[in-house]
Each structure stands twice: as C-alpha cells, then as structure tokens.
Amino acid sequence: MVSDVGSAPRPGRKQAPRFVAGERVQVAARPVLGHCRTPWYVRGKRGIVIAVHGRFRDPERLAYHRPGLPAQILYKVRFQQREVWPSYRGSNADQIEVDIHEHWLEPTR
Amino acid sequence: MHEHDDHDHNHNHGHPHAHPPAQKDHDAGPMGAYEVLEEALRSLLIEKGILSAEAIAAAIDLMDSRTPALGAKVVARAWTDATFKRHLLKDTRAALLECGIDIGTIAEFATVENTPEVHNVIVCTLCSCYPKMLLGTPPAWYKSLAYRSRTVVDPRGVLSEFGVELPPQVEVRVHDSTADLRYLVLPMRPKATRGWNEEQLAAIITRDCMIGTALPKVAPKAPAARAG
C-alpha cells in the first residue's frame, strides 16, 4: 500500500475511494495494449465490492518504469461464477473474487 | 544403479549394458538471452556498489527459509487461539508480525477462512503470485497454465483432481491474486483433532491446505491418542 512515496513525485491530493463495500460495480469492457492486471474474463461483468484494500501504485504505469502515480484504489470485487461464465458447471452460489483497480470500475444502475 | 552386480564394474568390459540417462547439469549448454541479461545486470549492480553478492545471497537465504511449515504454525495457532484468529483475518500482516514473521513490503497479505459454507481456493491467472514470504516458493503446478486457467472456470473440476470433492451446498470461492495482495487460506480444523496441541495440529496442515487444493486430514492412527 502507498503510505509515503519517498523521493517519487507527490501523488497529489488523496482521492477518497469512489466505491464502498457492498456497492454494485461493472468492470470496464475496454481493450488494452500492454501490461494490465484486470483479467479479460471479468471485463464487462458486474460484481459487488467486498473490500477496499487501499491505495496502491498503478501497475499499468509501474510496468513501464514509471512511478505508478497517481496511486489507484484497489478493490476486492466478488462476481457470481454464472455471471462470469454463462456455461459454468457448478453451484449457482459459487463465486470468484478479483482484485481490481479503481480506474477499471464503473457504477452500475 | 547398474543392472548387474555379479562382476566388478568398469567401463572397459566391452559388452553393452544399461545405464540410466545421465541427469543434465542445469547450467550445461549455452546461456539463454534472459540468463545473460540477469548476469549482466547483477554484475553491474555489484560493480556499481548498489548491491553486494552477500546481500543477494542473504535475500536468497531468506526466501529459502520460508516453507509451508511456517504457514502451518500460523494456522495451528489460529485454530487454538480465537483472539489470534480474529487478528489474522482482520490484519494478516500485523498478526504474522506478532508470530515473529515479517512478510516484507513487496506485497500485502490477506487471510480467507474456510467455513462449513464456503471453501476458498487461490490462483493467480496472470502470472504466479503466491504468499512466498509465508509458504516459500510455489509448487510447479501452481504456475502451470492448466491450473491457472482451469481454476477460475472450473474450480470444482480442478479440486476434484486434487481429491477434494465438495458437496454442492458448499460454495466454492476462487480468489484470483491479480494485484498487490497475496492470499492465505485458513482451513477448517477437523473435529477429530480435539485436544491436540499446536505442534500436532501443524503436522496435518499441508501447503495445499493453505492454497485451498486440499483439506487437512487426520490419519487413522492419529497422534491424538498420545499425551499432549
């Protein structure tokens, strides 16, 4: 988690998390070139925020030797397996949880 | 082992006989591009005084000192100490520090608890993220494409291949470690371990139990009969 950033550029004013635990969210369905930590299988899928992990440097920038700033809020998002894999073989209650950075999440109606 | 023991063995005896294939030295043959890169980078860092060979060896030693036995001790303590268990679930880093285990600053840790209703299993689909600072280096299968891709789409099928059959009413919850968190599964304590001490408990907590691909098993001749 980013607590202080040492000699790296200031991250600027700390943004409050955009989502809270229990909130329904949808993962952006955008394509991406290069390093990305949002697995394709959850893109466009709807889930629920289970936990707000805190602020972490952005891996999409870190991967290219940048400081990873501004830091991104990281969330634990829970998806129903049936939502992720329509042909899922298992219980309807089965779930998958993925850690997703804030810039990949959108509110759902 | 040679197939014959009826005569003195030397290699000039002029008849064909079977030898097992010689094991290849891991550093035989030409270096690959990444090996060259690693060696060049390492020697430059040492030459410039940014790192020392001693510091690198110490870091490797630290990694090698982490084994599933460490995780087993933590789980056994959580099984016998409700306050510690709450602490572990709430703030894994601090609880581990309380046990003298420093997980460093590379990643955060979280603990997920198996219950009669929920079974947790850990995977890293993007690479092979693993709670190394607690469990040591991951098994080769954890890094395999098959485990990484199949666990998210068919966890019950994968678990069944590990010998774990879960009733349909137990919800399977897969955790994909995509970011800065490493997950530890806190398995359920078997009922048959009543009265066991932490050491006895730790002995049945295997690496796979803490990944979620196994359940702690009590052997038929359980050590429970012994004093402790």
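As you go down the protein sequences, you meet chains A and B in turn. With the first letter of the first sequence counted as 1, position 72 gets the number 84 in my numbering; the numbers rise by one all the way through. With the first letter of the second sequence counted as 1, position 145 gets the number 340 in my numbering; the numbers rise by one all the way through. Ideal placement from N, C-alpha and C gives every residue a C-beta, glycine not left out.
Each residue's CA atom was taken as its position, placing residue 374 (chain B) and residue 276 (chain B) some 30 Å apart. Counting only the Cα atoms, residue 61 (chain A) lies some 7 Å from residue 31 (chain A). At the C-beta level, residue 367 (chain B) and residue 350 (chain B) come within 9 Å of one another. Residue-level contact check: residue 326 (chain B) does not touch chain A, since none of the beta carbons of chain A fall below 9 Å from its beta carbon. Between residue 118 (chain A) and residue 39 (chain A), the gap from beta carbon to beta carbon is short of 9 Å.
Taking one beta carbon from each stretch, the stretch 277 to 288 of chain B and the stretch 407 to 415 of chain B have fewer than 3 pairs nearer than 8 Å; the two do not touch. At the C-beta level, residue 342 (chain B) and residue 380 (chain B) stay beyond 9 Å of one another. In this structure residue 309 (chain B) is in contact with residue 383 (chain B), their Cβ atoms being roughly 5 Å apart against a cut-off of 8 Å. Residue 357 (chain B): not part of any alpha helix (DSSP H); DSSP gives it neither H nor E. Chain order gives no chain B residues near residue 58 (chain A), where near means a beta carbon separation below 7 Å; the closest approach is about 16 Å.
Along the stretch 308 to 332 of chain B, the positions whose C-beta sits under 7 Å from a C-beta of chain A are 320 and 321, read in chain order.
Residues of the stretch 368 to 397 of chain B with a C-beta less than 8 Å from any C-beta of chain A: 368, 369, 370, 371, 372, 373, 374, 375 and 376, listed in chain order. Around residue 111 (chain A), the beta-carbon contacts reaching into chain B at under 9 Å are 370, 371, 372, 373, 374, 375 and 376. Interface annotation, residue 117 (chain A): not in contact with chain B, CB-CB separation never under 9 Å. Listed along the chain, the chain A residues whose CB falls inside 9 Å of the CB of residue 359 (chain B) amount to none; the nearest CB is some 13 Å away. Residues of chain A whose Cβ lies closer than 9 Å to the Cβ of residue 350 (chain B) are, in chain order, 93, 102, 106 and 108. Of all residues in the stretch 250 to 276 of chain B, none comes within less than 7 Å of chain A when Cβ atoms are compared. Under the Cβ distance rule, residue 68 (chain A) counts among the residues neighbouring chain B, one pair being separated by less than 9 Å. Residue environment for residue 260 (chain B): exposed (fewer than 16 other C-beta atoms within 10 angstroms of its C-beta). Relative to the Cα of residue 301 (chain B), the nearest Cα in the group A:71, A:42, A:54 and A:82 belongs to A:71. Annotated three-state conformation of residue 350 (chain B) is helix, per DSSP. In the three-state scheme derived from DSSP, where H, G and I count as helix and E and B as strand, residue 381 (chain B) is classed as strand.
The alpha-carbon separation between residue 353 (chain B) and residue 414 (chain B) amounts to approximately 24 Å. Excluding sequence positions up to five before and after residue 95 (chain A), its CB lies within less than 7 Å of the CB of 57 and 58, all in the same chain and listed in chain order. A Cβ-Cβ separation of about 6 Å places residue 93 (chain A) in contact with residue 102 (chain A) under the 8 Å criterion. When 9 Å is used as the limit between beta carbons, residue 30 (chain A) is near no residue of chain B, the shortest such separation being about 17 Å. For residue 71 (chain A), the enclosing alpha helix (DSSP H) starts and ends at 71 to 74. Annotation for residue 261 (chain B): no beta strand (DSSP E) segment contains it, and DSSP assigns it neither H nor E.
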